[in-house]
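To start, the structure under review is shown below, and the notes come after it.
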Amino acid sequence: MAAKRKKRRMGLEEKKAMMGYVFVLPFIIGLLTFFLFPMIQSFIFSLNVIEVVEGGYTLRPNGINYYKTALLQYVSTANEGKSFMTLIGEGLAAMATQVLLVVIFSFFAANLLNQKFRGRSVARAIFFLPVILMSGVIIAVDSGDLLQSSMGLTQTDAQEGSFQAVALARVLLSTRLDTRFVDFIVSAVNRIYEIVSASGVQILVFLAGLQSISPSLFEASNIEGATGWENFWKITFPMVSPLILVNTVYTVIDTLTNSNSVVMTIIRDEAFRNAKYGLSSAMAWIYFVAIMLVVAIITGIISRLVFYQE
Amino acid sequence: MNAMLEKITNIKLFGHHRLTGYTLGRLGWSIVRGVIIIGICFLILYPTMVKFLVSVMSEQDLYDISVKYIAKNPTLDNYKTVITAMKYPEAFWNTLKLSLFTSIMQLVSCTIIGYGFARFKFKGRGLLFALVIITLIVPPQTIMIPLYLHFKDFDILGIFKLILGKPLKLLGGYAPFVLMSATGMGLKNGLYIYIIRQFFRGMPKELEEAAYVDGAGLFRTFYKIMLPSAVPAMLTVFLFSFVWQWTDSFYSSLFLSGGLRVLSNALSGVSHAIALHLTNLRGSATTVYLSPVLSSMYINTASLLVILPLLLVYLVAQRYFVESIERTGIVG
């Protein structure tokens, strides 16, 4: 009897495993045709000289020359003759500050929006608005726009924005804080708009996390006489800490693969403006490996610090 | 007696005092909070306000130093110029159709795929899901050239060539978007799969098991039991995919340049289009030169026109959207 029941159960498990493949099948097809195959092809392109001919293209083996070019010789005329690797390095450095600021800001904002106050739903609606306002082509058009910057908020605002920041820097420096810390604060103030507009999705994730914390935890700790401050550090923070990892990784990827970034622009221009498909592919692969490394390192560091319930 | 009275009043006083301090603290915080929230809201809305203010300015206002925000000679001519030069109505309809098609297809495919990852155990699941994350990490620029060539002469193992004598030309139309969306490979689809998977993972197993016991099949359980409760997560995914498809310039410029007219491509090339339009209008032999300020004014008007429909959609959807976050379980 027992054996019979076990056999039937196995049948269901097997059937469910089969159905799993059925549900995931569209992804497997897409992965093969629109991702893995193009990835392999792009790798092959990076090792060949591609010439576009009538009705197609020809490949001429080129070894790792394009990788050598990208790593050692390439200079970008559009970016003051900096090398490709310098530009990647600068991109990564800028990313580090950006990610730190975005994660801190979105955590702060989510906590604000989680409190009860009048007009909360309006405030939430506006806080998520950058998801719409600052996406794709709009961000490309807005950044560096003449009238937008002359009227105030974007980073290109050379006169007023930096003027205030200088005053702020002077005040902060007079308090004998560490210069690096002052630089960080000043850059945060200068980029406040950029940070707020890059935080929409992250606020959403943190907010959803805050709301998934069971209220009974707070009730219990309030009975024990904990203050709001203690509640925050002993309950709220550890409970949402896994989301810090999620949001950090999301922001890293979002910042680095943003098609308006300098490196991305170079990769696109080499392909479609200068028709150097092989070089462009090699650069894209180098950049991809760099991003993978960064994501792996960050995940490694943060996941040690994160608190998991189970 | 007197002492007792004093004691009571003291207690009351003390209590009263504490209460005031507490209330003051709370009041102080709500003022600070109000200022912060209003400040950030202003920061977010400001560029759009600027766009609107600029869009109703006339050319004189732009060069008038006394005009900073409010136009002295407000006009709607900019809108007229931009709408004709961008061929706005045509681009709008195409974008609407494209965004609706793709976001519905992505919603369907990502929900099915996400459910598969969340609720079934099968060999290679971990690896496949890791690949979902990898598709997010890989910069689309890495696969852009192969994808372009892929759709330029589309073929599956030479079948089309065998039947039609030549591979299919799919660039310039809806096909690349439809094919990629149907297979969960569209713009940021890895993220959507992740959201849906997290949501379904958070749902109690007993719900499904009860349905199986009652004799419902796997598909029936999926669309009768699991889908209705997944509506908040699906709404979030739909809104994201609709909006991001609407403003997407990467895939649009890769697959559609010279083909289907969509808003994002039209916006990228708007100053050139306006220069040409004005040249034709004035019948001049050389292309009209747009000063940087003037061109910026047209670009701001055009980008306002591109986001306007999205703002309207958001105005309607935000209530459900904001409410639904609490139940999305994005993070489950």
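Chains as they are written, first to last, in the numbering used here: chain A, 1 to 310; chain B, 1001 to 1332.
We put the beta carbon where it would ideally sit given N, CA and C, even for glycine.
Please read all numbers here as calculations on a predicted model, not as lab measurements.
Interface residue (Cβ-Cβ distance to chain B less than 9 Å): residue 215 of chain A is not classified as such. Boundaries of the alpha helix (DSSP H) harbouring residue 217 of chain A: 215-223, taken from the DSSP string. Per DSSP, residue 274 of chain A lies in no alpha helix (DSSP H) and is assigned neither H nor E. Around the C-beta of residue 32 of chain A, fewer than 16 other C-beta atoms lie within 10 Å, and the residue is accordingly described as exposed. Within chain B, not a single residue places a beta-carbon under 8 Å from that of residue 74 of chain A; the smallest gap is close to 16 Å. When C-beta distances to chain B are compared with 7 Å, the residues of the stretch 38-59 of chain A below that value are 38, 39, 41, 42 and 45, in chain order. Under the 9 Å criterion on CB atoms, residue 1234 of chain B is classed as non-interfacial with respect to chain A. Scanning the stretch 43-88 of chain A from its first residue to its last, the whole beta strand (DSSP E) runs of 3-plus residues come out as 48-53 and 56-61.
Interface residue (Cβ-Cβ distance to chain B less than 9 Å): residue 280 of chain A is classified as such.
Residue burial is scored here from C-beta neighbours: residue 1082 of chain B has at least 16 other C-beta atoms within 10 angstroms and is therefore classed as buried. In the pairwise beta carbon analysis, the stretch 1046-1058 of chain B is classified as touching the stretch 1067-1087 of chain B: at least three pairs are separated by under 8 Å.
In the structure shown, residue 237 of chain A falls within a helical segment according to DSSP collapsed to helix, strand and coil.
Residues of chain A with a Cβ closer than 9 Å to the Cβ of residue 1300 of chain B are, in chain order, 141, 142, 145, 147 and 148. By DSSP's assignment, residue 1154 of chain B forms a beta bridge with B/1168. Straight through space, the alpha carbons of residue 303 of chain A and residue 1163 of chain B are spaced by roughly 53 Å. Against chain B, the CB of residue 184 of chain A has no partner CB under 9 Å away; the residue lies outside that interface.
Residue 1118 of chain B sits in a helix when the DSSP states are folded into three classes.
If you draw a 10 Å sphere on the C-beta of residue 1121 of chain B, you find fewer than 16 other C-beta atoms in it, and that means exposed.
Listed along chain A is no residue with a C-beta nearer than 7 Å to that of residue 1077 of chain B; the closest approach is about 17 Å. Taking the Cα of residue 1293 of chain B as reference, the smallest distance to any Cα among A/129, A/145 and A/92 is reached at A/145. Taking a Cβ-Cβ cut-off of 9 Å, the neighbours of residue 285 of chain A in chain B comprise 1142, given in sequence order. Under the Cβ criterion of 9 Å, residue 1183 of chain B is counted among the residues facing chain A. Per DSSP, residue 1232 of chain B is one residue of the alpha helix (DSSP H) stretching across 1231-1247. At a cut-off of 9 Å, the C-beta of residue 218 of chain A has no neighbouring C-beta in chain B. Around the beta-carbon of residue 1039 of chain B, fewer than 16 other beta-carbon atoms lie within 10 Å, marking it exposed. Nearest Cα to residue 283 of chain A within the set A/207, A/27 and A/83: A/83. Taking CB atoms only, residue 1066 of chain B has no neighbour in chain A less than 9 Å away.
Pairing residue 1289 of chain B with residue 1276 of chain B, the inter-Cα distance amounts to about 10 Å. A Cβ-Cβ distance of about 31 Å is found for the pair residue 1084 of chain B and residue 1241 of chain B, leaving them out of contact under the 8 Å criterion. Among the residues facing chain B, residue 94 of chain A is not included, as its CB has no counterpart in that chain under 9 Å away. With contacts defined by Cβ atoms closer than 9 Å, residue 102 of chain A and residue 220 of chain A do not form a contacting pair. Counting other Cβ atoms within 10 Å of its Cβ, residue 1302 of chain B reaches 16 or more and is therefore classed as buried. When Cβ pairs closer than 8 Å are counted between the two stretches, the stretch 1244-1258 of chain B is seen to touch the stretch 128-144 of chain A, the count reaching three or more.
Segment contact: the stretch 1176-1183 of chain B against the stretch 1104-1114 of chain B, three or more CB-CB distances shorter than 8 Å; contact assigned.
A buried status is given to residue 254 of chain A, since no fewer than 16 other beta-carbon atoms sit within 10 Å of its beta-carbon.
Residue 1049 of chain B counts as exposed, since fewer than 16 other C-beta atoms from the protein chains shown sit within 10 angstroms of its C-beta.
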